[in-house]
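According to mature numbering (1 follows the signal peptide of the UniProt record, and there is no 0), the stretch in the sequence shown is residues -29 to -1, 1 to 677, in order.
We treat Cβ as the ideally placed atom computed from N, Cα and C, and that holds for glycine.
Values in this document were obtained by computation on a predicted structure and should not be read as measured data.
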Amino acid sequence: MGLHRGLVGPPSLFLPLGFILLLASQAAANCPIITNPFHLDAGPLKLHVKTLFTHLSSGTAARELARDMGSGEIKSPEGLPETPATYDGVSNPIHSKKLGIHFLESDNRRMAFGRGYTGGTTPVNIHGKPIPDLSKTGGWIAALFIFGNEMAERMAYFGLSVNMVAFMFYIMHRPFTSSSNAVNNFLGISQASSVLGGFLADAYLGRYWTIAIFTTIYLAGLTGITLCATMNVFMPDQGQCDQLSLLLGNCEPAKPWQMLYLNTVLYVTGFGAAGIRPCVSSFGADQFDERGENYKSHLDRFFNFFYLSVTIGAIVAFTLVVYIQMKHGWGSAFGSLAIAMGMSNLLFFVGTPLYRHRLPGGSPLTRVAQVLVAAFQKRKASFSSSELVGLYEVPGKRSAIKGSGKIAHTDDFRCLDKAALQLKEDGVDPSPWRLCTVTQVEEVKILIKLVPIPACTIMLNLILTEYLTLSVQQAYTLNTHLGHLKLPVTSMPVFPCLSIFLILSLYYSVFVPIFRRITGHPRGASQLQRVGIGLAFSILSVAWAAIFERYRRKYAIEHGYEFSFLTPMPNLSAYWLLIQYCLIGIAEVFCIVGLLEFLYEEAPDAMKSIGSAYAALAGGIGCFAASILNSIVKSVTGNPDKRQQSWLSQNINTGRFEYFYWLLTVLGAINFCAFLYSARRYKYRAEQKFGIQEVVTIKQNTPARG
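Structure representation (structure tokens):
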């Protein structure tokens, strides 16, 4: 449950990106989304567009371009023919201006640790040099090493999430609600802060070095937690604390410095996970050649197998780690997580010679900020101004952004295009804070257009967070025996993992053929269709949970268990929960796998890790939203003065959990409608035709609005 989630550090680290994206979204909200970005109010003017490819292929233009590049400066070749604009096919005698292209290329930026730069999206080795023979690197063999690292990281993550609340309650003697809130907040902050890891990978370090550094930090945090659970000096006195004293809150609480140490190592662990989270899936996808014939198929299978490795790690955490904790204690359980993480780090480094790398493209925050500032400075500029030279872009196939190809101009968010408007007053060497390339502007547009899709998965993450506590409370009142075997309540989340494992194993042999007949899509369903299917199954899951909870509560009251909420009812099996577990497992498979693949393919070349971090950010917001929703429901439905129990009472038999589940069902249905609207409006980047075109402007007597 919640297999896609990550961990991490203080929220202040990702606030700058959120603030900039918020400004971009706010600015975009005031921009008309139009069919023609250069539509003028003066009349049905059609602008003639002419590509530069033909001219640049000529010998004279090529020589001039090579000479300019040799000096580090790229300029438009002289002698470009001027193309007359037309009014519905009638030539206008007023000649238009050619697109002025001017860019000063800088070779100062280097890859992390002094490695050189190679432009474009071509894979390179660890030293930043082109790989002479791609057949000897990357592919599924390299992906296996990455799967191993992710499997151990997820094992550690879920091992902590399932055991830390109990550890704080039973060992550190913290109240259950306080322990639960502390862990939930930790999970939320750690996931949301994954944007930091994505930023560092895309801007400076690259995905490999980001993973290498943060897995080491992760291991240090796990080692610190192991010491906390092993050495008595880090724990309060356990001698005079029996179960009754624990329930009454009479045990000696942990000292402030002991809790400070535990929280410190816990957040160090989260900080490590924040760096790993957005990079592992993207780094694995980097191992496949995007120019290969079967690239789409390989990418689709990679994300399914990637999530399968996540599931295996979770299954081990919910079974083997729980068993170790019960038989050998907390120190051994947390120690096993540290050992697994250390072995995965070693495995990851062993695969270093096989990896393909993509170079960091510089700070994405800076590029986003430059577009917003430039667009604001030119907010009053008109697209029909006589001072307009054209839209600013560099010639050739490569963009000015390191590690990125060019992005086609789109008609969305016209106001942001003003950042790329080159005016006469800009001069020959304009500041990047006043004039940006078309590709740089399109990067910002893409980041904005991507937001609604992961935002619609916040509701799924909220449901997953609620299940971590509510379904466990349900399980405490039910019979968890499976024949002669009694399954620990903390191992119940293994069932959605098993359902995910089964679905992923049968996905290509069963689900793809069925969905292919329905949708006609060669891979069964598109990425957004899979996200939608997952959201639909999450609604079914909470609806069933509401139905079963109503039956469970009625049974408990009728059989005298109303006030015995920690006593299991022998004749009511906990395996009725498997239905909601399996449904939410199906939801995760379709929604999260589809979302990860969608974000990787749709994100700009130099912002792949930032794109993947959107999914983790949605998970973090889901955790916070769950805490906020719980507080609202408790305050609205409960009244201590009148002794009125809230829906989420600690005694599940006197509360009304079924009402809360129905509330989640309604919220999920509303969210699903919002997703359908967003998905219907979204246009995949692959559907947009690309060409480096000359955008021309026309002087006219009738003034037009910009």
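Distance from the CA of S334 to the CA of E629, rounded to the nearest whole angstrom, comes to 48 angstroms. Inter-residue distance for K107 and F569 is about 28 angstroms (C-alpha atoms, whole angstroms). Here DSSP, grouped into helix, strand and coil, assigns Q498 to helix.
Taking 9 angstroms as the cut-off, the beta carbon of F319 is found no closer than this to the beta carbon of A517. DSSP, reduced to helix, strand and coil, places N155 within a helical segment of the structure shown.
Nearest C-alpha to A288 among F277, D271, D382 and A309: A309. In the three-state scheme derived from DSSP, where H, G and I count as helix and E and B as strand, S375 is classed as coil. Ranked by Cα distance from C250, the options L231, T181 and L198 are led by T181. Nearest in C-alpha terms to L473, of all of N275, A640 and V133, is N275.
Per DSSP, reduced to three states, the secondary structure at K457 is strand. Assigned with DSSP and collapsed to three states, V399 falls in coil, not helix or strand. As DSSP reads the structure, R369 sits in a beta bridge with G376.
Rounded to whole angstroms, the gap between the alpha carbons of I142 and N221 is 13 angstroms.
The beta carbon of K416 sits closer than 7 angstroms to the beta carbons of T381, D383, F384 and L387 from its chain, once the five residues preceding and following it are set aside; these are given in chain order. With respect to V443, Y585 sits apart: the two C-beta atoms are not nearer than 9 angstroms. Looking at the backbone, the Cα of N432 and that of A645 are separated by about 16 angstroms. Exposure of N156 is indicated by the presence of fewer than 16 other C-beta atoms within 10 angstroms of its C-beta.
DSSP, reduced to helix, strand and coil, places N542 within a strand of the structure shown.
Between G639 and S649, the alpha-carbon positions lie close to 15 angstroms from each other. Look at H299 here: in three-state DSSP terms it is helix. Between S470 and I557, the beta carbon gap of about 7 angstroms places them in contact (Cβ cut-off 8 angstroms). Note that the C-beta distance between L394 and A352 is below 9 angstroms.
For L233, the closest alpha carbon among the candidates M312, V564 and L193 is that of L193.
Comparing alpha-carbon positions, the option among G565, R369, Y653 and G306 lying closest to T201 turns out to be G306. For L193, the enclosing alpha helix (DSSP H) covers residues R178 to T201. With a beta-carbon spacing of about 5 angstroms, V342 and V412 fall inside the 8 angstroms limit used to define contacts.
Look at P101 here: in three-state DSSP terms it is strand. Taken in chain order, the whole alpha helix (DSSP H) runs of length 4 or more contained in the stretch 229 to 259 number zero.
Excluding its 5 nearest sequence neighbours in each direction, W301 has C-beta neighbours in its own chain below 7 angstroms: F138, I142 and A200, listed in chain order.
By the neighbour-count criterion, in which a residue is buried when 16 or more other Cβ atoms sit within 10 angstroms of its Cβ, P101 is exposed.
Straight-line measurement puts the Cα of Q445 at about 19 angstroms from the Cα of F140. The C-beta separation of I581 from A574 comes to about 7 angstroms, placing the pair in contact by the 8 angstroms criterion. Under the DSSP definition of a beta bridge, H328 partners with V95. CA-CA distance, S512 to I485, rounds to 22 angstroms. For the stretch 418 to 484, the full-length alpha helix (DSSP H) segments reaching 4 residues or more read 423 to 426, 429 to 447 and 465 to 477 along the chain. Assignment of L362 by DSSP, reduced to helix, strand and coil, places it in the strand class.
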